[in-house]
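For the sequence shown, our numbering gives the first residue as 177, with consecutive numbering after it. Backbone N, C-alpha and C fix where the C-beta goes; we use that ideal spot for every residue, glycine too. Presented below is the structure to which this report refers.
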Amino acid sequence: MIIEKLLLQNFRRFKEKKFNFSNGFNIVIGKNGSGKTTILEAIYLLSTGKSFVTSAVQNCVNVSEDYFFVEGVFNNVSRLDQSQNTLSILFSKDKKVVHLNKRKVKAFSLIIGKFPVIVTDYALVELVKDGPSKRRDFINHVLTFTDEDYYKNILKYYSFLERRNEYLKDGKFTMDLLLFLSHELYDYGIKIMEKREKIINDFNERIRDIFYIIFDKKSELSIVYRPSKLEKLLDPDSITEEIRRKRTLYGIHLDEIEIFDGQINLREFASLGEAYSIGFILKLVESELIDRYKSTTPILLLDDFFSHLDEVKREKILNYIKNNEVILTSVSTNDVSKSILNSANVIILEDVLNENN
Ligand SMILES: Nc1ncnc2c1ncn2[C@@H]1O[C@H](COP(=O)(O)OP(=O)(O)OP(=O)(O)O)[C@@H](O)[C@H]1O
Ligand SMILES: [Mg+2]
Numbered sequence: 177m178i179i180e181k182l183l184l185q186n187f188r189r190f191k192e193k194k195f196n197f198s199n200g201f202n203i204v205i206g207k208n209g210s211g212k213t214t215i216l217e218a219i220y221l222l223s224t225g226k227s228f229v230t231s232a233v234q235n236c237v238n239v240s241e242d243y244f245f246v247e248g249v250f251n252n253v254s255r256l257d258q259s260q261n262t263l264s265i266l267f268s269k270d271k272k273v274v275h276l277n278k279r280k281v282k283a284f285s286l287i288i289g290k291f292p293v294i295v296t297d298y299a300l301v302e303l304v305k306d307g308p309s310k311r312r313d314f315i316n317h318v319l320t321f322t323d324e325d326y327y328k329n330i331l332k333y334y335s336f337l338e339r340r341n342e343y344l345k346d347g348k349f350t351m352d353l354l355l356f357l358s359h360e361l362y363d364y365g366i367k368i369m370e371k372r373e374k375i376i377n378d379f380n381e382r383i384r385d386i387f388y389i390i391f392d393k394k395s396e397l398s399i400v401y402r403p404s405k406l407e408k409l410l411d412p413d414s415i416t417e418e419i420r421r422k423r424t425l426y427g428i429h430l431d432e433i434e435i436f437d438g439q440i441n442l443r444e445f446a447s448l449g450e451a452y453s454i455g456f457i458l459k460l461v462e463s464e465l466i467d468r469y470k471s472t473t474p475i476l477l478l479d480d481f482f483s484h485l486d487e488v489k490r491e492k493i494l495n496y497i498k499n500n501e502v503i504l505t506s507v508s509t510n511d512v513s514k515s516i517l518n519s520a521n522v523i524i525l526e527d528v529l530n531e532n533n
């Protein structure tokens with residue numbers, strides 16, 4: 177899939193700006209604060225309805241305005257669907273209004289997964305080194321783009337979880353109601369767990385090979401999945417404990433997902449550079465799996481690509497992803513090799529101070 181055009185209105189520092197991208201490498205060059213990450217953020221927003229920079233989309237509205245509008249034109253959404261799609265989001269008063277090909281979309285969940293993008297930035301380090309919630313989010317992201325039903329199951333699961341936790345917290349519930357919610361969490365939890373197990377197996381089949389291709393050395397990388405004990409949700413003793421502690425203590429929202437190299441848990445041991453590199457490998461596997469399950473190559477948004485990896489690894493990665501549309505950002509052209517620069521679409525953002533918009 178490719179994004180051909182992007183229009184930003186009142187989106188962070190851009191009052192009104194259009195960008196054209198080519199089907200290959202696109203390099204966005206600009207000084208600090210010139211809006212490089214903002215461009216990637218807008219594309220990610222069209223794909224997922226969320227930002228990867230902030231948890232509150234409201235922050236993307238230009239400070240002197242009260243709405244933003246983002247529109248993207250996507251081509252070749254999959255190898256089976258070569259049509260052109262125009263997707264837009266108007267955000268104002270904390271509400272998103274989404275249009276796909278001029279038709280209003282009732283809920284973002286109806287189109288999520290259709291326009292797959294993958295972003296890499298400094299948060300790759302957190303993906304490897306932070307607590308399991310980052311890796312659960314990552315697996316959720318992969319499954320949203322590879323499995324039709326996953327996102328719906330997750331939405332249902334979390335709405336039941338929220339209700340159950342509210343009842344446990346304020347103590348105003350009947351046992352029948354609590355058990356009903358326990359069964360819902362269990363049923364949705366089983367589906368989610370099975371899908372997580374399967375996709376993590378898929379990762380484990382490819383992760384060492386892709387690491388070898390990029391780093392030219394062997395590894396014993398694996399993702400280890402330890403699901404929370406779902407059967408406890410239905411166990412009377414555990415429910416008594418949950419009532420005492422006023423929250424849900426079991427379920428897929430507590431699944432542990434760890435990355436190991438042999439016996440070593442990388443969360444504890446990886447250096448920052450190693451964590452970034454392994455995070456990158458995870459994203460490359462994700463791209464391959466989206467391609468396998470959705471017959472499309474996701475758009476790769478590589479923020480500050482040149483800051484973290486040495487030249488040899490960078491060249492190998494760029495060579496590996498040459499079938500994807502890639503939009504990468506950098507503060508200067510100095511780090512970009514001549515061959516790439518010559519073949520890429522280069523977008524230069526004007527200096528913040530010299531620009532009128
Ligand atoms: N809601 C907003 N309204 C107006 N300007 C904003 C808003 N949010 C962020 N900005 C400005 O936009 C700029 C941030 O842009 P962005 O993060 O995209 O820069 P960048 O080119 O990625 O910089 P760096 O090289 O430091 O990563 C900053 O100057 C920031 O002050
Ligand atoms: Mg940036």
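- When secondary structure is reduced to three states using DSSP, Phe197 falls in the coil class, being assigned neither helix nor strand.
- For Tyr243, the uninterrupted beta strand (DSSP E) run begins and ends at Tyr243 to Asn251, by DSSP.
- With the rule of 3 Cβ pairs closer than 8 angstroms, the region 254 to 265 counts as touching the region 275 to 283.
- Summarising the contact set, residues whose Cβ lies nearer than 7 angstroms to any heavy atom of ligand 2 are, in chain order, Lys212, Thr213, Asp479, Asp480 and Thr505.
- By the neighbour-count definition (other C-beta atoms within 10 Å, threshold 16), Arg468 is an exposed residue.
- When the alpha-carbon of Ile428 is set against those of Val461, Ser358 and Glu247, the nearest one is in Ser358.
- If only uninterrupted beta strand (DSSP E) runs of at least 3 residues are considered, those enclosed by the region 339 to 409 are 397 to 402.
- In chain order, Tyr343 place their CB closer than 8 angstroms to the CB of Leu353, counting only its own chain and leaving out the 5 sequence neighbours on each side.
- The residues Leu300, Val301, Leu303 and Val304, in chain order, have a CB closer than 7 angstroms to that of Gly455 in the same chain once the five nearest residues on each side in sequence are set aside.
- Annotated three-state conformation of Thr296 is strand, per DSSP.
- When DSSP reads this structure, Leu478 sits in a beta bridge with Thr296 and Leu504.
- The residue from Leu337, Asn499, Tyr452 and Ala218 with its alpha-carbon nearest to that of Glu360 is Leu337.
- Annotation for Ser519: Gly200 and Phe201 place their beta carbon closer than 8 angstroms to its own, counting only its chain and skipping 5 residues before and after.
- By the Cβ rule, the region 423 to 442 does not count as touching the region 469 to 477, because fewer than three pairs are nearer than 8 angstroms.
- Under DSSP, no beta-bridge partner is assigned to Leu221.
- Counting every other CB atom within 10 Å of its CB across the protein chains shown gives Thr322 a total of 16 or more, marking it as buried.
- Unbroken alpha helix (DSSP H) runs of no fewer than 4 residues, entirely contained in the region 421 to 484, are found at 442 to 445 and 448 to 470, following chain order.
- The closest CA to that of Val253, considering only Glu373, Ile287, Arg340 and Asp511, is found on Ile287.
- Three or more beta-carbon pairs drawn from the region 313 to 327 and the region 365 to 376 are found closer than 8 angstroms, and the two stretches are therefore classed as touching.
- Looking only at Gln185, Leu430, Pro474 and Lys422, the smallest Cα-Cα distance to Lys345 is reached by Lys422.
- Ranking Ser223, Glu180 and Phe187 by CA distance to the CA of Phe244 puts Phe187 first.
- Under the Cβ criterion (8 angstroms, minimum of three pairs), the region 197 to 216 counts as touching the region 495 to 510.
- Here Glu417 carries a helix assignment [DSSP, helix/strand/coil].
- Your pair Leu222 and Phe291 checks out as a contact, with CB atoms roughly 6 angstroms apart and the cut at 8 angstroms.
- Following the DSSP letters along the chain, one finds Asn518 inside the alpha helix (DSSP H) bounded by residues Lys514 to Ser519.
- Our two residues, Val237 and Ser268, have alpha carbons roughly 8 angstroms apart in a direct line.
- Secondary structure at Gln260: coil, using DSSP grouped into helix, strand and coil.
- Per DSSP, reduced to three states, the secondary structure at Glu491 is helical.
- Put simply, the backbone Cα of Ser285 is about 12 angstroms away from that of Lys272.
- Rounded to the nearest angstrom, the gap between the Cα atoms of Val461 and Arg420 is 43 angstroms.
- The three-state secondary structure of Phe228, taken from DSSP, is coil.
- Comparing alpha-carbon positions, the option among Asn251, Asp297, Ser210 and Phe349 lying closest to Leu525 turns out to be Ser210.
- For Ser254, the secondary structure class from DSSP, reduced to helix, strand or coil, is strand.
- Tyr298 counts as exposed, since fewer than 16 other beta carbons sit within 10 angstroms of its beta carbon.
- In chain order, Ile179, Leu182, Gly248, Val293, Ile475, Leu477 and Ile503 place their CB closer than 8 angstroms to the CB of Ile219, counting only its own chain and leaving out the 5 sequence neighbours on each side.
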